[in-house]
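So in full-length UniProt numbering, spot 40 of the sequence shown is number 40, and the numbers just go up one at a time. Since the structure comes first, as structure tokens, the remarks are kept for the end.
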Amino acid sequence: MQEQTVENSVLPAPGSKVAKRRRAWRETKDRVAKYGVAVGGISVILAIVLIFFYLLYVVMPLFQGASLNTEATYHSDTKPPVFLSLNEYNTVAMAVNDDGGVRFFEAQNGNTMNEVTLPLQGKVISSVSAGAATTGVFSYGFADGHALVFKERYKVTYPTGTQRVIVPEITFPLGEKHLLIDDQGQAIDLLSVQSYEDKTTFAAYTEDKRLVLKRFEKEANFLDDTQFTITEKKHEIVVEGASQLTNVKLDIDQRELYLVDDRGFVYYYDVQNLDKPRLIQKIKAVPTGVDITSFEFLTGGISVLIGRSDGQIDQWFPVRDKDNNYTLHNVRSFAEQNSPIIAIAPEQARKGFVTLDESGHLGIYHTTAHRTLLVEPYVNNNAVIALSPRANGLISFTDNGDVRLLDIDNEHPDISWHSLWEKVWYESRDKPEYIWQSSSASNDFEPKFSLTPLTFGTIKAAFYAMLVAVPLAIMGAIFTAYFMSPRMRSFVKPTIEIMEALPTVILGFLAGLWLAPLVEEQLPGVFTLLFMLPVMIILTAWGWTKLPKRWRERIPDGWEPAILIPIVLLVGYVSMASSGAIELWLFDGNMPQFLNEMGIDYDQRNSLVVGLVMGFAVIPTIFSITEDAIFGVPKHLTIGSLALGATPWQTMTRVVLLTASPGIFSAVMIGLGRAVGETMIVLMATGNTPIMDFNIFEGFRALSANIAVEMPEAEVASSHYRVLFLAALVLFLATFILNTVAEIVRQRLRNKYSSL
Numbered sequence: 001m002q003e004q005t006v007e008n009s010v011l012p013a014p015g016s017k018v019a020k021r022r023r024a025w026r027e028t029k030d031r032v033a034k035y036g037v038a039v040g041g042i043s044v045i046l047a048i049v050l051i052f053f054y055l056l057y058v059v060m061p062l063f064q065g066a067s068l069n070t071e072a073t074y075h076s077d078t079k080p081p082v083f084l085s086l087n088e089y090n091t092v093a094m095a096v097n098d099d100g101g102v103r104f105f106e107a108q109n110g111n112t113m114n115e116v117t118l119p120l121q122g123k124v125i126s127s128v129s130a131g132a133a134t135t136g137v138f139s140y141g142f143a144d145g146h147a148l149v150f151k152e153r154y155k156v157t158y159p160t161g162t163q164r165v166i167v168p169e170i171t172f173p174l175g176e177k178h179l180l181i182d183d184q185g186q187a188i189d190l191l192s193v194q195s196y197e198d199k200t201t202f203a204a205y206t207e208d209k210r211l212v213l214k215r216f217e218k219e220a221n222f223l224d225d226t227q228f229t230i231t232e233k234k235h236e237i238v239v240e241g242a243s244q245l246t247n248v249k250l251d252i253d254q255r256e257l258y259l260v261d262d263r264g265f266v267y268y269y270d271v272q273n274l275d276k277p278r279l280i281q282k283i284k285a286v287p288t289g290v291d292i293t294s295f296e297f298l299t300g301g302i303s304v305l306i307g308r309s310d311g312q313i314d315q316w317f318p319v320r321d322k323d324n325n326y327t328l329h330n331v332r333s334f335a336e337q338n339s340p341i342i343a344i345a346p347e348q349a350r351k352g353f354v355t356l357d358e359s360g361h362l363g364i365y366h367t368t369a370h371r372t373l374l375v376e377p378y379v380n381n382n383a384v385i386a387l388s389p390r391a392n393g394l395i396s397f398t399d400n401g402d403v404r405l406l407d408i409d410n411e412h413p414d415i416s417w418h419s420l421w422e423k424v425w426y427e428s429r430d431k432p433e434y435i436w437q438s439s440s441a442s443n444d445f446e447p448k449f450s451l452t453p454l455t456f457g458t459i460k461a462a463f464y465a466m467l468v469a470v471p472l473a474i475m476g477a478i479f480t481a482y483f484m485s486p487r488m489r490s491f492v493k494p495t496i497e498i499m500e501a502l503p504t505v506i507l508g509f510l511a512g513l514w515l516a517p518l519v520e521e522q523l524p525g526v527f528t529l530l531f532m533l534p535v536m537i538i539l540t541a542w543g544w545t546k547l548p549k550r551w552r553e554r555i556p557d558g559w560e561p562a563i564l565i566p567i568v569l570l571v572g573y574v575s576m577a578s579s580g581a582i583e584l585w586l587f588d589g590n591m592p593q594f595l596n597e598m599g600i601d602y603d604q605r606n607s608l609v610v611g612l613v614m615g616f617a618v619i620p621t622i623f624s625i626t627e628d629a630i631f632g633v634p635k636h637l638t639i640g641s642l643a644l645g646a647t648p649w650q651t652m653t654r655v656v657l658l659t660a661s662p663g664i665f666s667a668v669m670i671g672l673g674r675a676v677g678e679t680m681i682v683l684m685a686t687g688n689t690p691i692m693d694f695n696i697f698e699g700f701r702a703l704s705a706n707i708a709v710e711m712p713e714a715e716v717a718s719s720h721y722r723v724l725f726l727a728a729l730v731l732f733l734a735t736f737i738l739n740t741v742a743e744i745v746r747q748r749l750r751n752k753y754s755s756l
């Protein structure tokens, strides 16, 4: 026991066993600490790299093109059809011939599944029409002015629980009787039909060059669903200036009619009121010497696709002007093919389409993304093509009977650099815009995945937060570290640092439910406080210097800020108390309404609220790092400066701040990174409207808040899901770039001022 006491209290001899044991133990601890720190640092770097590559792994499929895989090829001895369709499972196809034959066959091998005999009653077929692909409606026009409407349908059953059985059949929306379209009994040369719910409309171009419109509306008997009556409406349109029509198309809603003539003119009619159809516009859609070789509606029936003889495909849709009138605009074009476009097959659920030209090249495009996904040789003969409802299968039938079934891998055609970051002209919009709107209740919705307004919102939030936080945090840190008494500093610094422990969800909750209504109600008082508080602080400081010296000496050095506490409280109280009077005097009792009338939109949850609350959240970070950097300036520098005759203010501005500038810059950049990545405050304290306006009285949507809002609802592996991961990758890269720039600048500042 005595030996142990001596061993612990007396330094051992350098060569003794005790000294060697202690030195070995210390070296062991040093090695453990060294390798522990190294492993920890490498683990952090590895985790960051893995996060980056995982985000990249999820995002990369967005920018892959389309690919084709041949599922089956075979020869069919049946007559080539004029129309083809393919079911959603890519297993059953339907061929419609110009002689009245309708045949369902297995898409994999061509075996007939069902050959339907239509009630043609021996009449001569003069035209064949197909409605929208989503409705599956077809019609035959006859030489005596009649027409027959029929519709494909697939009944899917699972008799054994796992085995799928598909039974194709033909139904007749208006019954099996022939419908009289032209009272004069002229042959129907061109026919377009659309049938949706209880309304069916025909547009027929007759042999004697008359355009006949006829609408049938079915009214069911509410006592017996099997009984119904059909009412008819008819009107004829005189197409002035048209030599010969080559195409007639009705939209799926039966409101718009497009006519195409052999000189390249497109006639755009409003036929919603069939009694008074109105020609909205006649326009030359192609240059002189170029013909219109194909004409189809894009899904939704808003845009039309015009295939030209020079291989170009143009997208046109109506645009509303200031007078609420619609005119057709050529919004975008695709010029990757060089031969006349003979077939266009629009996708049924997206704004994409497939084309086939005269040279046999197949093209896959997407309109919103303005993206060409694939153009490659496909067939050596003219062919009819059909795209499946899911756009993952395509079947073609050539004039010589060769049939080919393709599997299409084209998961994310709607994403491109253009659609993510540039202005896009969306359907029903009057100009190109930046828009984020990822979902809608409409089946023909055009997704809008612009990240520009979200990035703008992130920058806007960070700007207003830093505008509030940087001056207060840095000025407060300077005074606390350099001028404040040590005892007062021991209260102030921990109090501000503990603010950082406040959960941001609580701050966002208070901002949205308490502060935002308070700011709206006391808006003049808030601005009075923001402007008057600095003025009153400066006046108070000036007045302090004018007080008699004996009064000022009663306050210990470094405790002067305590005088400002009642001043701040008094200015706050007076500003809020006078808010109502100021609002009544200057803004007719309602400042938000006054701003709206002046053209400055005001939202209750706006950037002002976010700036105040997020600035409050960022202040502790910037303050703590800045204060430590200033307080850590070596004392010999300040003492030497003061000894040479410099004032405390000169010492602070010319010595202390320059020496501490690397730390101050790091504090600002870390605060900026915190503001850029903040989620809950911007989620709860703004209206989450993805708009691009720097107005401080309007809200926004940030990248982080958008991820938090929409990720739970996004379908896994969908374009929406991957774009949200892309937003996360943008945030990751922005933070990485900010930190890298901050470190470079900090090192340069350290090297520059290390000699002080």
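Yeah, the Cβ is synthetic: ideal placement off N, Cα and C, and Gly gets one too. For clarity, every value in this text was computed on a predicted model and none was experimentally measured.
Straight-line gap, residue i to residue j (C-alpha atoms, nearest Å)
i	j	result
Val156	Asp603	51 Å
Ser419	Leu523	39 Å
Asn590	Arg605	17 Å
Leu507	Asp557	35 Å
Phe509	Gly677	18 Å
Asn69	Arg332	29 Å
Thr626	Ile478	8 Å
Gly476	Tyr482	10 Å
Gly632	Phe732	32 Å
Tyr140	Pro168	20 Å
Phe697	Ala705	19 Å
Leu279	Asp588	50 Å
Thr458	Leu612	15 Å
Arg26	Met484	41 Å
Ser428	Met684	31 Å
Val49	Val304	46 Å
Leu374	Lys276	44 Å
Val723	Tyr158	36 Å
Assigned secondary structure, residue i (DSSP; H/G/I helix, E/B strand, else coil)
i	result
Trp559	coil
Ile230	strand
Phe700	coil
Lys460	helix
Ser450	coil
Val92	strand
Arg278	strand
Ser16	coil
Thr288	coil
Pro712	helix
Gly580	helix
Counted within 10 angstroms of its Cβ, other Cβ atoms place residue i as buried (16 or more) or exposed
i	result
Val18	exposed
Ile474	buried
Pro517	exposed
Asp357	buried
Val212	buried
Pro119	exposed
Ser641	buried
Arg153	exposed
Asp251	buried
Residue i vs residue j beta-carbon contact at 9 Å
i	j	result
Arg674	Val618	yes
Arg701	Pro453	yes
Ser607	Asn739	no
Pro592	Met499	no
Val668	Ala461	no
Ala204	Ala143	no
Leu394	Val354	yes
Segment contact, 8 Å Cβ cut-off, at least three pairs: the region 559-571 with the region 591-603: no
Three CB pairs or more closer than 8 Å across the region 44-63 and the region 719-730: Contact holds: three or more Cβ-Cβ distances are below 8 Å.
Inter-stretch contact (C-beta, 8 Å, three-pair minimum) for the region 107-121 and the region 77-96: yes
Touch test, the region 175-183 against the region 200-207, Cβ-Cβ under 8 Å, three pairs minimum: yes
The region 182-191 in contact with the region 126-141 per 3-pair CB rule at 8 Å: yes
The region 534-549 touching the region 486-497, judged by at least three CB pairs closer than 8 Å: Counting C-beta pairs with one atom in each stretch, the region 534-549 and the region 486-497 have fewer than three that are closer than 8 Å, which means they do not touch.
Touching by the beta-carbon criterion (3+ pairs, under 8 Å), the region 399-417 and the region 72-88: yes
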